[in-house]
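Numbering (this note's numbering), first residue to last: 368 to 493. All residues carry an ideal CB built from backbone N, CA and C; glycine is no exception. Encoded as structure tokens, the structure appears first; notes follow it.
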Ligand SMILES: [Zn+2]
């Protein structure tokens, strides 16, 4: 199976290792693995890779999980396009549809390494 993050690599050797516990080496790997986690509804992975300072960080994990599950269910993940990446940022376009309507967006995400783990800290829509 091709990885949902649009890398062209098999899921087994692309994002799966991160979903089962390996730590991403770079913001780009984390970003890709978070996108593919959304396609599978892996809400725990999304939550565990979000920085506590992120504006959307919710203390109530159950509510947050439900939000993510719902988003994953109603969204069709067409394609991930990486536009730019650096030591701490990734700019991407997520090609999505919801109920047949285009829900794509472009975001510049900021990442921070905390205790050896990359975390998604904030994002700005472009
Ligand atoms: Zn991947």
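Alpha-carbon spacing of residue i relative to residue j, whole angstroms
{"i": "residue 433", "j": "residue 488", "result": "21 angstroms"}
{"i": "residue 452", "j": "residue 395", "result": "7 angstroms"}
{"i": "residue 405", "j": "residue 399", "result": "10 angstroms"}
{"i": "residue 449", "j": "residue 470", "result": "17 angstroms"}
Residues of its chain near residue i, where Cβ-Cβ distance is below 8 angstroms and the 5 sequence neighbours each way are ignored
{"i": "residue 493", "result": "458, 473, 474 and 475"}
{"i": "residue 407", "result": "371, 386 and 439"}
Backbone secondary structure at residue i - three-state DSSP
{"i": "residue 411", "result": "helix"}
{"i": "residue 465", "result": "strand"}
{"i": "residue 447", "result": "strand"}
{"i": "residue 453", "result": "coil"}
{"i": "residue 380", "result": "helix"}
{"i": "residue 416", "result": "coil"}
Span of the alpha helix (DSSP H) around residue i
{"i": "residue 439", "result": "428-441"}
{"i": "residue 385", "result": "383-386"}
Status (buried if at least 16 other CB within 10 Å, exposed otherwise) for residue i
{"i": "residue 437", "result": "exposed"}
{"i": "residue 416", "result": "buried"}
Endpoints, the beta strand (DSSP E) within which residue i is located
{"i": "residue 478", "result": "472-481"}
{"i": "residue 489", "result": "484-492"}
Same chain only: Cβ atoms within 6 angstroms of residue i, ignoring 5 sequence neighbours per side
{"i": "residue 490", "result": "474 and 476"}
{"i": "residue 462", "result": "445, 446 and 471"}
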